[in-house]
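Participant: Dumping the structure here so I can ask a few things about it.
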Amino acid sequence: MNLVSYAQVTSEVDTTKIRIGEQIDYKIKVEADSTALVVFPEGQTFMPLEAVEASDVDTIKKDAKVLLSRVYKLTQFDSGAYTIPRQKIIIGDKPFFTDSLKVEVNTIEVDTTKQKLYDIKPIIEVDKSGSNWWLWLLGILIAIALVAFLLYWFIWRQKPLTEEEEIALLPPYDRAKLALKKLDESQYLIRSEIKDYYSELTLVIRKYLDEKVYDRSLESTTDELISRLQLLKEGNQFPFTKETIHNLETILKRADLVKFAKSAPDVALIEMDRATIEKEVESVKACLPEPTEEEKLLDQQYKEAQERKKKRRKIILTVAISLFLIIATYVGFGLKYGFGYVKDTVLGNESKELLEGEWVESAYGFPPVYIETPQVLKRMPDSLPNELKDKFERTIFAFGGEHKNISIAIITTKAVKVENQPKQEDIEKNVAQSIDQILSEWESKNVQNIITKGEQYITPNAVEGIKTYGYADFPIPNSGDTLKGEYAIFSFATNDAIMHVTLIWSKDDVYVAEIIDRIIGSIELKSDEQANAEQEAQN
Numbered sequence: 001m002n003l004v005s006y007a008q009v010t011s012e013v014d015t016t017k018i019r020i021g022e023q024i025d026y027k028i029k030v031e032a033d034s035t036a037l038v039v040f041p042e043g044q045t046f047m048p049l050e051a052v053e054a055s056d057v058d059t060i061k062k063d064a065k066v067l068l069s070r071v072y073k074l075t076q077f078d079s080g081a082y083t084i085p086r087q088k089i090i091i092g093d094k095p096f097f098t099d100s101l102k103v104e105v106n107t108i109e110v111d112t113t114k115q116k117l118y119d120i121k122p123i124i125e126v127d128k129s130g131s132n133w134w135l136w137l138l139g140i141l142i143a144i145a146l147v148a149f150l151l152y153w154f155i156w157r158q159k160p161l162t163e164e165e166e167i168a169l170l171p172p173y174d175r176a177k178l179a180l181k182k183l184d185e186s187q188y189l190i191r192s193e194i195k196d197y198y199s200e201l202t203l204v205i206r207k208y209l210d211e212k213v214y215d216r217s218l219e220s221t222t223d224e225l226i227s228r229l230q231l232l233k234e235g236n237q238f239p240f241t242k243e244t245i246h247n248l249e250t251i252l253k254r255a256d257l258v259k260f261a262k263s264a265p266d267v268a269l270i271e272m273d274r275a276t277i278e279k280e281v282e283s284v285k286a287c288l289p290e291p292t293e294e295e296k297l298l299d300q301q302y303k304e305a306q307e308r309k310k311k312r313r314k315i316i317l318t319v320a321i322s323l324f325l326i327i328a329t330y331v332g333f334g335l336k337y338g339f340g341y342v343k344d345t346v347l348g349n350e351s352k353e354l355l356e357g358e359w360v361e362s363a364y365g366f367p368p369v370y371i372e373t374p375q376v377l378k379r380m381p382d383s384l385p386n387e388l389k390d391k392f393e394r395t396i397f398a399f400g401g402e403h404k405n406i407s408i409a410i411i412t413t414k415a416v417k418v419e420n421q422p423k424q425e426d427i428e429k430n431v432a433q434s435i436d437q438i439l440s441e442w443e444s445k446n447v448q449n450i451i452t453k454g455e456q457y458i459t460p461n462a463v464e465g466i467k468t469y470g471y472a473d474f475p476i477p478n479s480g481d482t483l484k485g486e487y488a489i490f491s492f493a494t495n496d497a498i499m500h501v502t503l504i505w506s507k508d509d510v511y512v513a514e515i516i517d518r519i520i521g522s523i524e525l526k527s528d529e530q531a532n533a534e535q536e537a538q539n
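Residue numbers (the numbering used here): 1 to 539.
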């Protein structure tokens, strides 16, 4: 156990040697005044060790002081010697620090005499999963079906009319007759509700007169209404009989007495008034003139205008609901998958289609470069100068001329004849010269602001090469624009050949970035040792 003491702070670990993945109990103890505020370390302050968990602070009172302690569980998954850094503890407003501690993390030894070793299992090919286009199609079909159902149900469906709506569609005469029939079926007379009965009875004739004779019949007093009917008769507008006007005046005034003077006529008189009103409805109807052809035309035009207005309202509602559902669907998918992704899926995006399309895995050139690309690379014309064609053979496979955001090229230059075994430093020198030549060719093609970095690169099948990468402004063919892009040149060499895999892409295209990552992860070559081993195995 390692113990470091201070005036108020101590720290300790339960062990200084662990195996990979085991945990250390790192304990901090603080002695402080009971009124002082103590703040322990929080989070990943123990790097390069990782804090797995921290216990609650344990408190023990001792006279006017308190003893505080907290345990942190630390671990590390790589072997080596590590140092736990000093930890800062705040007591009141003053910082205190623990001492740093060294810890050794050892590997787990495997006894190969007891533990059997097995060959690495070969890669199993699986069927490539298809694209999820059918999910999008299903979602779109469901959305269309939902929109169609809502539009039909709330707008275009012929809803059954209510009783009030059916009555409102009847002609005024038929409505008056129906109202009288309903009055006969009522319980007003049985319950001796004479006032309500006369109110309904006079309302029938007033409504009929209001619609067909005088449009202020409902709000007019009895005297005003009778005077107006008399004027219409004298003006030869409506040929009312004296009996009709007299009967209406008598019944309306009796109804006024019932409503305002609490008069109570007997049932026989009430039934007679009911029959008289029905009779006068028939009389008024007989006095009504036949509508002229102009009136019929105006009425027909009005109905057609109303139908057009109703249809226009339905179309506006249909468009509004459709737009709302489209926007709601876009927002819903956008929140889940990202608005840019949804837009590119609906409107189409060339880079996204490349990423999600059927990729091609193939070998190009000799020695072969194995690579997976969105499309097959096409063999391009060889631009090697004539004076060098007797010494070298060059093949170029490329893709991207029609896609401005990505360019892929595999260039293999092979010596026709190798007389002596080249030295390793000569091979490295030739590779460096070939990379400089590529960059020089770019500059001659007006590629500007080239920033270059270099590092060693090892393919997934352990073939060593050089990665040259950086940024540049690449001119876009057939336009005056430039592409602010990134590039990477993966260079490999054998005794008689140099292979370059050249990638250029837009740094602002997220789909192209994924394409590049997938391409880089697929690059494989065979070293001379691997090729010789395969040839010996075939022989």
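In this text, a Cβ means the ideal position worked out from N, Cα and C, and glycines have one as well.
Per DSSP, which one or two residues make a beta bridge with Leu178?
Facilitator: What you label residue 178 is simply residue 178 of the sequence shown in a count that begins at 1. Bridge partners of Leu178: none, in fact.
Participant: Going by beta-carbon coordinates alone, are Thr459 and Ile396 separated by less than 8 Å?
Facilitator: As a first step, residue 459 is located in the sequence shown; it is residue number 459 there, counting from the start. As a first step, residue 396 is located in the sequence shown; it is residue number 396 there, counting from the start. At a Cβ-Cβ threshold of 8 Å, Thr459 and Ile396 do not count as neighbours.
Participant: Can you tell me which of the three DSSP states Arg19 falls into?
Facilitator: Working through the sequence shown from its first residue, we reach residue 19 at position 19. Looking at Arg19 - three-state DSSP - the assignment turns out to be strand.
Participant: So Ala497 and Lys414 are in contact, right, with Cβ under 8 Å, and what is the actual spacing, rounded?
Facilitator: Looking up residue 497 in the sequence shown gives position 497. Looking up residue 414 in the sequence shown gives position 414. Indeed, because the Cβ distance is near 4 Å, the residues count as touching under 8 Å.
Participant: Can you pull the DSSP bridge partners for His500?
Facilitator: Position 500 of the sequence shown, counted from the first residue, corresponds to residue 500. Bridge partners of His500: Ile411 and Ser491.
Participant: Which residue marks the beginning of the alpha helix (DSSP H) containing Ala432, and which one marks its end?
Facilitator: Here residue 432 corresponds to residue number 432 of the sequence shown, with the count starting at 1. Counting along the chain, the alpha helix (DSSP H) containing Ala432 begins and ends at Gln424 to Ser444.
Participant: Exposed or buried, Ser509, counting other C-beta atoms within 10 Å across all chains shown (16 or more means buried)?
Facilitator: Along the sequence shown, read from residue 1 onward, the residue named residue 509 stands at position 509. Looking at the sequence itself, residue 509 is Asp, so the reference to Ser does not match. Asp509 is buried by the Cβ-count criterion.
Participant: Just to check my reading of the structure: Leu74 and Tyr26 have Cβ atoms closer than 8 Å, yes? What is that Cβ distance to the nearest angstrom?
Facilitator: Numbered from 1 along the sequence shown, position 74 holds the residue referred to as residue 74. Numbered from 1 along the sequence shown, position 26 holds the residue referred to as residue 26. Their Cβ separation, rounded to whole angstroms, is 5 Å, which keeps Leu74 and Tyr26 in contact under 8 Å.
Participant: Cβ atoms of Ala472 and Asn449: under 8 Å apart, would you say?
Facilitator: Taking the sequence shown and counting its residues from 1, the one referred to as residue 449 is at position 449. Taking the sequence shown and counting its residues from 1, the one referred to as residue 472 is at position 472. In contact: Asn449 and Ala472 (Cβ atoms closer than 8 Å).
Participant: Are the CB atoms of Arg70 and Ala540 within a distance shorter than 8 Å?
Facilitator: The requested residue 540 is not part of the displayed model; the chain covers only 1 to 539.
Participant: Out of Leu288, Lys242 and Val267, which one is the CA nearest neighbour of Lys212?
Facilitator: Against the sequence shown, residue 212 aligns to sequence position 212. It is Leu288.
Participant: When the Cα atoms are used, what is the spatial distance from Glu12 to Pro367?
Facilitator: Indexing the sequence shown from 1 puts residue 12 at position 12. Indexing the sequence shown from 1 puts residue 367 at position 367. In this structure, the alpha-carbon of Glu12 lies about 60 Å from that of Pro367.
Participant: Hey, how far is the Cα of Asp426 from the Cα of Ile89?
Facilitator: By one-based count along the sequence shown, residue 426 stands at place 426. By one-based count along the sequence shown, residue 89 stands at place 89. Whole-angstrom Cα-Cα distance: 59 Å.
Participant: Could you give the first and the last residue of the continuous alpha helix (DSSP H) run that contains Lys352?
Facilitator: For the purposes of this step, residue 352 is identified with residue 352 of the sequence shown, where counting begins at 1. Element bounds for Lys352: Glu350 to Glu356.
Participant: Taking just the CA atoms, how far does Glu271 sit from Leu180?
Facilitator: Taking the sequence shown and counting its residues from 1, the one referred to as residue 180 is at position 180. Taking the sequence shown and counting its residues from 1, the one referred to as residue 271 is at position 271. A straight line joining the alpha-carbon of Leu180 with that of Glu271 spans about 12 Å.
Participant: Tell me whether Glu278 is buried or exposed, calling it buried when 16 or more other Cβ atoms sit within 10 Å of its Cβ.
Facilitator: Walking along the sequence shown from the start, residue 278 turns up at place 278. By the 10 Å Cβ count, Glu278 comes out buried.
Participant: Determine the burial state of Ile315: buried for a count of at least 16 other Cβ atoms within 10 Å of its Cβ, exposed for fewer.
Facilitator: On the sequence shown, residue 315 is found 315 positions in, with the first residue counted as 1. By the neighbour-count rule (16 or more Cβ atoms within 10 Å), Ile315 is not buried but exposed.
Participant: Between Thr591 and Lys94, what straight-line distance do the alpha-carbon atoms span, to the nearest angstrom?
Facilitator: Summary: the structure shown does not reach residue 591, with the chain confined to residues 1 through 539, and so no result is reported for it.
Participant: Is Trp153 buried or exposed, if buried means 16 or more other CB atoms sit within 10 Å of its CB?
Facilitator: Here the question's residue 153 lines up with position 153 in the sequence shown. When all chains shown are included, Trp153 counts as exposed.
Participant: With a threshold of 8 Å on Cβ separation, who are the neighbours of Asn461 within its own chain once the five nearest residues in sequence on each side are excluded?
Facilitator: Here the question's residue 461 lines up with position 461 in the sequence shown. The residues are Glu524, Leu525, Lys526 and Gln530.
Participant: Given Ala36, which residues of its chain have a CB within under 6 Å of its CB, disregarding the five upstream and five downstream residues?
Facilitator: As a working note, residue 36 is residue 36 in the sequence shown. These residues qualify, in order along the chain: Ile91 and Gly92.
Participant: Enumerate, from N- to C-terminal direction, the unbroken alpha helix (DSSP H) stretches of 4 or more residues contained entirely within the stretch 195-265.
Facilitator: 222-234 and 242-260
Participant: So, for Ala64: in the same chain, excluding its five sequence neighbours on each side, which residues have a beta-carbon less than 8 Å away from its beta-carbon?
Facilitator: Start at 1 with the first residue of the sequence shown, and residue 64 comes out as number 64. Only Asp33 and Ser34 meet the Cβ criterion.
Participant: Leaving aside the five residues before and after Tyr72 along the sequence, list all residues of the same chain whose C-beta is less than 6 Å from its C-beta, in chain order.
Facilitator: Locating residue 72 in the sequence shown gives position 72, where the first residue counts as 1. The residues are Tyr26, Ala51 and Ala54.
Participant: With distances taken from CA atoms, which of Lys352, Lys507 and Gln375 is nearest Glu358?
Facilitator: As a first step, residue 358 must be located in the sequence shown, where it is residue number 358. Considering only alpha carbons, the answer is Gln375.
Participant: Indicate the three-state DSSP secondary structure (helix, strand or coil) for Glu193 in the structure shown.
Facilitator: In the sequence shown, residue 193 corresponds to position 193, counting from 1. Glu193 falls in the coil class under three-state DSSP.
Participant: Considering only C-alpha positions, which residue in the set Glu42, Asp215 and Glu234 is nearest to Pro172?
Facilitator: In the sequence shown, residue 172 corresponds to position 172, counting from 1. The candidate whose alpha carbon is nearest that of Pro172 is Asp215.
Participant: Using the beta-carbon count (16 or more within 10 Å), is Leu269 buried or exposed?
Facilitator: For this step, residue 269 is matched to residue 269 along the sequence shown. Leu269 comes out exposed.
Participant: Given a threshold of 16 other Cβ atoms within 10 Å of its Cβ, counted over all protein chains shown, does His500 qualify as buried or as exposed?
Facilitator: Here residue 500 is taken as the residue at index 500 of the sequence shown, counted from 1. That one is buried.
Participant: In this structure, does DSSP put Ile523 in helix, strand or coil?
Facilitator: As a first step, residue 523 must be located in the sequence shown, where it is residue number 523. Residue state, collapsed to three classes: coil.
Participant: If we call anything under 8 Å between Cβ atoms a contact, is Leu323 one with Ala255?
Facilitator: Translated into the one-based positions of the sequence shown, residue 323 becomes position 323. Translated into the one-based positions of the sequence shown, residue 255 becomes position 255. No; because the gap between Cβ atoms is not below 8 Å, this pair is not in contact.
Participant: For the ligand COA, any of its heavy atoms closer than 7 Å to the Cβ of Leu325?
Facilitator: The ligand COA is not part of the structure shown, which contains no ligands of any sort.
Participant: Quick one: grab the DSSP three-state call for Asp14.
Facilitator: Working through the sequence shown from its first residue, we reach residue 14 at position 14. Asp14 falls in the coil class under three-state DSSP.
Participant: Taking Cβ positions, are Ala176 and Val204 nearer each other than 8 Å?
Facilitator: Counting from one through the sequence shown, the residue named residue 176 turns up at place 176. Counting from one through the sequence shown, the residue named residue 204 turns up at place 204. Yes.
Participant: How many angstroms separate the CA atom of Gln8 from the CA atom of Pro85?
Facilitator: The sequence position of residue 8 within the sequence shown is 8, counting from 1. The sequence position of residue 85 within the sequence shown is 85, counting from 1. About 19 Å.
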